[in-house]
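Engineer: Would you mind keeping the following structure in view while I ask a few things?
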Amino acid sequence: MPSKRDLLSIADITGEETRGILRRSREMKANGSTRTLAGKSIALLFEKASLRTRASFQVGIQQLGGYSFYLGREEVGLGIREPVSDVARVLSGYVDCIVARVYSHQALVELATYSSVPVINALSDWEHPCEILADLQTVQEHKGGLEGLKLTFIGDGNNVARSLCLALPAVGMSFTIAAPEGYNLDESSLHLARRRAKDGSVQALAMTDPVEAVAG
29 MPSKRDLLSI ADITGEETRG ILRRSREMKA NGSTRTLAGK SIALLFEKAS LRTRASFQVG
89 IQQLGGYSFY LGREEVGLGI REPVSDVARV LSGYVDCIVA RVYSHQALVE LATYSSVPVI
149 NALSDWEHPC EILADLQTVQ EHKGGLEGLK LTFIGDGNNV ARSLCLALPA VGMSFTIAAP
209 EGYNLDESSL HLARRRAKDG SVQALAMTDP VEAVAG
């Protein structure tokens, strides 16, 4: 099996790699898209329907010179009509990459395990890494940088909150979540975020009081 890298979690890329992706995206936005994906075919395997995620991937792939095709829940029946391992092996024989939007993160892990081509997480119940890369680019454009900033997320500890928590400390931003008791982020995600922090001044905090969370 040829070597490959998957993007299942935002923690699959380092802080420096994240900054490199953001630099590249800024260059492409300023100078126009390139033909980076010329001759490449990408499967959009969407167990869970979407408007923005589907549109952005399809348009982006086309602008980069690639070809994409959409496979919805009815066409594939991931793990129902066909085992996840079979879907991964079959698609690996046809495409250069699989972009998957799924209900269960475990299905995504299994897809990546049996696929010989890269698998990109376009949303699972555990993480949403591509959205967070777009969020970071937006923050950077409006704030002029990332280091030293503090972002507060008010809401339950969902997939978006988890990816933000894991991404921000690695690029020098502090993260705080305010969620009701019993709905906060898990300790393992907070612990990993702190380990990924660029330095000791960067924090990853969870609390219940939104007023306290947004202070500063």
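The working numbering puts the sequence shown at residues 29 to 244. The beta carbon of each residue, even a glycine, is placed where N, CA and C say it ideally should be.
What would DSSP say about residue 149, mapped onto helix, strand or coil?
Structural biologist: The residue given as residue 149 occupies position 121 in the sequence shown. Here residue 149 sits in strand by DSSP.
Engineer: For residue 98, which three-state DSSP category applies?
Structural biologist: Position 70 of the sequence shown, counted from the start, is the residue given in the question as residue 98. Three-state result, residue 98: strand.
Engineer: Let's see if you can read the secondary structure: which residues bound the alpha helix (DSSP H) around residue 78?
Structural biologist: What you label residue 78 is simply residue 50 of the sequence shown in a count that begins at 1. Note, residue 78: premise wrong, no alpha helix (DSSP H); not H, not E.
Engineer: May I have the straight-line CA-CA distance separating residue 86 from residue 76, to the nearest angstrom?
Structural biologist: Taking the sequence shown and counting its residues from 1, one reaches residue 86 at position 58. Taking the sequence shown and counting its residues from 1, one reaches residue 76 at position 48. Between residue 86 and residue 76, the C-alpha separation is close to 16 Å.
Engineer: Among residues of its own chain, excluding the 5 on either side of residue 148, which ones have a beta-carbon nearer than 6 Å to its beta-carbon?
Structural biologist: Start at 1 with the first residue of the sequence shown, and residue 148 comes out as number 120. So the list reads 35, 127, once near-sequence residues are dropped.
Engineer: Alpha carbon to alpha carbon, how far is residue 29 from residue 120?
Structural biologist: Position 1 of the sequence shown, counting from 1, holds the residue named residue 29. Position 92 of the sequence shown, counting from 1, holds the residue named residue 120. Reliability fails at residue 29, whose pLDDT of 43 lies under 50, so the model's placement of it is uncertain and the value that follows must be treated cautiously. Roughly 11 Å between the two C-alpha positions.
Engineer: Is it buried or exposed, residue 227, if we count other Cβ atoms within 10 angstroms and call 16 or more buried?
Structural biologist: If you number the sequence shown from 1, residue 227 lands on position 199. It is exposed - the Cβ of residue 227 has fewer than 16 other Cβ atoms within 10 Å.
Engineer: Within a Cβ cutoff of 6 Å, which residues of the same chain sit near residue 64, ignoring the five residues on either side of it in sequence?
Structural biologist: Reading the sequence shown from its first residue, position 36 is the one you call residue 64. Here the set comprises 92.
Engineer: Within the same chain, show all residues whose beta-carbon is closer than 6 Å to that of residue 96, passing over the 5 residues directly before and after it, in chain order.
Structural biologist: The residue labelled residue 96 in the question sits at position 68 within the sequence shown. For residue 96, where only same-chain residues beyond five positions count, the Cβ hits under 6 Å are 70, 72, 86, 89.
Engineer: Go to residue 166, then tell me how far its alpha helix (DSSP H) extends in each direction, as first and last residue.
Structural biologist: Within the sequence shown, numbered from 1, the residue matching residue 166 stands at position 138. That run of the alpha helix (DSSP H) goes 157-171.
Engineer: Indicate whether residue 229 and residue 194 have their beta-carbon atoms separated by less than 8 Å.
Structural biologist: Taking the first residue of the sequence shown as 1, we reach residue 229 at position 201. Taking the first residue of the sequence shown as 1, we reach residue 194 at position 166. Contact flag unset, no.
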